[in-house]
Amino acid sequence: MTASTYLLSPEWEWLIMLALFAAGIASGTYAIMGLMHFGGDEGDRPVLDRMGLVPMPFMLLTPILLTLDLGQPLRFLNLLFTSPGAAERPGPIMFNTASPMSWGSWAMIVFAPFTLVAFLASLERVRGTTIPLLTPISKALQGNVIWLVVGELLALGVSAYSGVLINVTNQGVWSDTYLMGGLFIAFSELSGIAVAAIIAGRVGNARTAEGVRNVLFGSAIVSAVLLAVWLANLQALGSFTAIAASLLVGPVFWIGAVGVAVLLPIVTAGPFGLRVWQRTDQLVILGALVLLGVLAFRYATFFSAIAFIQR
Amino acid sequence: MTANAKGMFVDTTLCTGCKACQVACKQWNELPMEDEAAVRGHTAFIGNSYDNTGHLSATNWRHVKFIEQITPDRTDARWLMMSDSCKHCEQAGCLEVCPTGALYRTQFGSVDIHQDVCIGCRYCVGACPFGVIDFNQRTGRVNKCILCQDRMETGEGTACAKSCPTASLTFGKVDDLKQVAAARVRELHAQGKSDAYIYGWDLGNSGVITQGPNKGTAVKDMEVVGGLNVFYLLLDKPEIYGLPSAPQLPQRNFVPSAGVALISAAVLGVTGLAAFRRRRLAETAAQ
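These protein sequence lines are chains A and C, in that order.
For the first sequence, position 126 matches number 126 in our numbering, and the numbering has no gaps at all.
For the second sequence, position 10 matches number 10 in our numbering, and the numbering has no gaps at all.
Here it is, written out as structure tokens:
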């Protein structure tokens with residue numbers, strides 16, 4: 001008999017998975033807003049304005065879910081400020097450069113005001129609601145290119161950090177390749193463009209809908225390539241079955257992440273697409289399904305480490 | 001390496017599996033039962049060995065492993081035993097990923113936890129290559145062996161080493177322990193036990209496994225994750241003892257993973273911009 005090697009699971013479960021899904025929607029939506037701002041035109045404005053309402057609520061939801069998982073919300077502060085109990089650490093600010101969780105916490109903290117500015121600016125444009133002082137500042141900032149570019153970079157950071165974070169562990173599947181950060185960015189962008197599709201399906205014109213379809217198709221292609229490279233790597237390393245053949249995550253991964261989040265947009269939104277859901281209002285269905293597919297991806301990748309241990 | 005680092009040398013050839021170290025650890029650190037209901041219901045024991053805890057956990061900071069090796073024809077057998085705990089790695093994955101500074105390097109070179117700083121994020125649990133540190137459901141924080149930091153501060157050694165009746169566990173300065181370990185390997189080799197080697201530091205020993213399923217396999221000292229302040233004398237491959245043969249720091253992935261993320265972001269950004277602009281190109285072409 002050989003003693004077992006016990007790689008313990010960090011027991012990250014539903015609350016954290018949902019938190020990262022919410023953060024992905026917030027950062028992905030913000031990233032797509034940037035692309036629409038720089039690549040689109042005035043005809044996209046109704047959709048762009050409404051998209052601005054999305055990131056902030058999801059960025060609020062994320063720390064709520066994360067702190068719920070911790071059990072004691074005030075402990076969250078130890079991520080940001082050096083606790084008096086950690087006397088070895090210098091300075092009042094807690095930042096461990098070797099820890100992706102530290103980078104991610106700060107990225108989310110700094111990104112949150114950008115989502116608030118987008119929200120307030122959109123609130124004024126869509127609903128006419130103004131808040132003294134805050135709304136004029138928000139409108140000015142939202143029209144500033146430097147502000148938007150910095151916000152884009154932070155959105156990418158928030159999208160990527162959770163993937164890099166699970167890459168920087170010793171867990172099976174998570175740490176086997178270098179691709180988790182790239183995959184998480186790709187699926188965050190997919191969730192952002194799914195949000196854009198839902199909004200464009202309701203208020204967008206045919207031209208905006210076409211742009212959204214184009215981006216959805218492009219993002220799905222990039223995601224498909226990353227997924228294929230990732231799976232090929234896992235196959236070479238012997239951990240492919242932990243995600244592909246596991247009852248815990250396999251069906252959700254193949255049907256949800258591969259089928260719905262990636263293949264469906266390629267087939268229906270591409271230039272050689274099937275003649276289904278071609279009407280602008282039908283983008284709502286496609287967007288909702290892609291969001292569900294991204295959720296399936298989050299679930300499958302997140303719980304694949306447990307599936308690996310259970311093999 | 002911390003100057004005058006303290007640690008332990010675990011000589012598995014001397015371990016009799018008495019578990020005095022486990023009891024001493026539980027007693028000194030006031031560690032509760034892992035699952036009281038299971039113990040009272042007689043379902044807590046793993047049932048396939050004299051090993052009664054199965055693995056390290058938030059409440060089992062020390063664990064005596066029992067490895068039975070019996071040949072298929074049952075003509076030869078040996079019983080390997082090893083008292084396992086946190087290795088207090090020189091490059092500790094748990095410490096490096098901790099986002100709050102709760103895990104820290106002590107003045108003795110060991111890795112300790114500020115319980116009042118730990119937020120229970122469990123990142124360290126996934127980062128440890130040995131599966132040592134564990135989440136404590138009762139406190140919402142993580143726990144592991146802290147090398148009896150309180151005892152070391154008063155000049156004493158660890159409770160487990162103090163209780164070991166065969167000197168399988170020896171506490172002391174790591175530099176001194178390396179010399180003890182080197183001498184012990186030489187002694188065993190001289191006795192014909194050429195399978196003895198050190199896991200944790202490379203002291204220059206090598207040999208050949210003489211018994212068990214890996215008989216004939218060459219072995220040699222292994223320095224892992226920058227060295228282990230709690231290191232082992234083994235008689236078989238590390239995997240046999242449930243130790244990884246090539247433990248790695250999780251940080252090995254940080255820069256490459258961030259790099260791939262950046263490249264992916266750039267590709268997605270360019271693809272997205274091009275996708276929006278394709279409409280204009282199509283319109284221009286149509287005109």
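Glycine is no exception: its CB is placed at the ideal position from the N, C-alpha and C atoms.
No experiment lies behind these values; they were computed from the predicted model shown.
- The C-beta distance from residue 261(C) to residue 228(A) rounds to 18 Å, too long to meet the 8 Å contact threshold.
- The alpha-carbon of residue 173(A) is positioned some 16 Å away from that of residue 249(C).
- If you ignore the 5 residues before and after residue 81(A), its C-beta comes within less than 8 Å of the C-beta of 92, 93, 94, all in its own chain and listed in chain order.
- In this structure, the CA atom of residue 101(C) is about 9 Å from the CA atom of residue 87(A).
- Residues of chain A whose Cβ lies closer than 7 Å to the Cβ of residue 136(C) do not exist; the shortest such Cβ separation is about 11 Å.
- When secondary structure is reduced to three states using DSSP, residue 89(C) falls in the strand class.
- Counting C-beta atoms within 10 angstroms of its own C-beta, residue 141(C) has 16 or more neighbours from the protein chains shown and is therefore classed as buried.
- A straight line joining the alpha-carbon of residue 265(C) with that of residue 186(A) spans about 8 Å.
- Apart from the 5 residues on each side of it in sequence, residue 194(A) sits with its Cβ closer than 6 Å to the Cβ of 287, 290, 291 in its chain, given in chain order.
- Considering only 113(C), 183(C), 106(C), 80(C), the residue with the shortest C-alpha distance to residue 239(C) is 80(C).
- Taking residue 65(A) as the centre and dropping the five residues before and after it, the same chain places the C-beta of 15, 18, 19 closer than 6 Å to its C-beta, in chain order.
- Annotated as distal: residue 246(A) and residue 171(A), with beta-carbon spacing of 9 Å or more.
- Membership of residue 136(C) in the beta strand (DSSP E) is indicated by the continuous run 134 to 136.
- What residue 277(C) touches in chain A, judged by beta-carbon distance under 8 Å, is 39, going in chain order.
- In the three-state reduction of the DSSP assignment, residue 11(A) falls in the coil class, being assigned neither a helical nor a strand state.
- When C-beta atoms of the stretch 164 to 180 of chain C are compared with those of the stretch 218 to 226 of chain C, fewer than three pairs fall below 8 Å, so the two segments do not count as touching.
- When the alpha-carbon of residue 67(A) is set against those of 126(C), 83(C), 120(C), the nearest one is in 120(C).
- Here the alpha carbons of residue 38(A) and residue 141(A) stand approximately 15 Å from one another.
- For residue 42(A), not one C-beta of chain C is nearer than 9 Å to its own C-beta.
- At a cut-off of 9 Å between beta carbons, residue 14(C) makes no contact with chain A.
- CA-CA distance, residue 231(A) to residue 295(A), rounds to 19 Å.
- Annotated as proximal: residue 104(A) and residue 162(A), with beta-carbon spacing under 9 Å.
- In the DSSP annotation of this structure, the continuous segment of the alpha helix (DSSP H) that includes residue 27(C) starts and ends at 20 to 28.
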